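Worksheet for the structure shown next.
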Amino acid sequence: MKLAFISDIHANLPALTAVLMDMERHQPDDIYCLGDLVNFAGWDNEVINLVREKRITCIQGNHDEGIGYRKNNFSFSYSNEAQKNFGYASIKKVNTAITEEHRSFLSGLPFMLQLEFQFPFHHIRLAMVHGSTSSNNEYIQEDIAEENLLDMMAYINADILLMGHTHIPYHKTIFLEDENRKIYRHAINAGSVGKPKQDNTHACYCLVNIDHHTDISDPASVQVQFQFVPYDTQPVIAKIKEMGLSNTYDDFLLR
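Here it is, written out as structure tokens:
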């Protein structure tokens, strides 16, 4: 099966539309969203509508939780005081603009999803979270100690862990010995569709192939592809301006 994972859309409809169009080339069997559909670019209702229309299974990010429960103050990342002020102003506007149906959708999203693939002679267990296995607001960066990642995966009995929240894509393959058997665990961050923090402004998503050849004793058998999709960021800048928010993220979206 070819599975597509998206994360951290942050109400960026042009980016999400570009990603879904790009996915048509790859024809995934299913699409999962790792959270943070809302808050930033202004198309909150439209993004939720599209995600539901496409029947994309979602989990709850920290922004989804905050807006879903009508919070005016919740933790989010920012690099300076201007970004902090932008974030709080955006939260206020989203809480005013979002429909009650969509707020209910966000508040009802699960914290974690787990899949188990049963094959004739083995099985693969995959888990999805937004931040970490204990919090949707914990940042699991690529330089985290491997022991910590293994502890997280052992706690939920997962061979593959999909995450978002950091907005930076990565795939870590971690070796361990389990009852004298040499195996590998995989930690994957799907990056961000709507507010990427890699070295370009392209929307990012992730493809993972799992089939009867997939074996945790062979690290190369878990096939992971990151797709970087260019799109026009000018309409996003214009939308943010239309909402009456500051130009704090203009350079971020253009660089």
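Residue numbers (full-length UniProt numbering): 1 to 255. Note that the Cβ used here is the ideal one computed from N, Cα and C, for glycine as well. Computed from a predicted structure; not experimentally measured.
Which residues does DSSP list as the beta-bridge partners of residue i?
i: residue 266; result: Beyond the ends of the chain as shown, which are 1 and 255, falls residue 266; an answer cannot be given.
i: Glu177; result: Lys182
i: Val224; result: Val208
i: Phe47; result: Phe is not the amino acid found at residue 47; the sequence shown has Val there. DSSP lists no partner for Val47.
i: Asn189; result: Met163, Tyr170
i: Tyr32; result: Phe5, Thr57
Does the Cβ of residue i have 16 or more other Cβ atoms within 10 Å, making it buried, or fewer, making it exposed?
i: Glu242; result: exposed
i: Ala187; result: buried
i: Thr166; result: buried
i: Phe121; result: exposed
i: Leu254; result: exposed
i: Glu65; result: buried
Please report the straight-line C-alpha distance between residue i and residue j, rounded to a whole angstrom.
i: Ala154; j: Phe40; result: 34 Å
i: Gln227; j: Asp22; result: 9 Å
i: Arg185; j: His202; result: 28 Å
i: Gln198; j: Arg70; result: 30 Å
i: Pro169; j: Leu162; result: 10 Å
i: Ser7; j: Leu115; result: 18 Å
Would you call the segment 99-110 in contact with the segment 193-201, where contact means no fewer than 3 C-beta pairs closer than 8 Å? no
Complete beta strand (DSSP E) runs within the segment 130-161 (minimum length 3 residues, chain order): none
In chain order, what are the residue ranges of uninterrupted beta strand (DSSP E) at least 3 long that sit wholly in the segment 62-118? 113-118
Can we say the segment 24-39 touches the segment 49-67, given the rule of at least three CB pairs closer than 8 Å? yes
Are three or more beta carbon pairs between the segment 205-222 and the segment 243-251 nearer than 8 Å? no
For the segment 221-235 and the segment 127-142, state whether three or more C-beta atom pairs, one from each stretch, are separated by less than 8 Å. no
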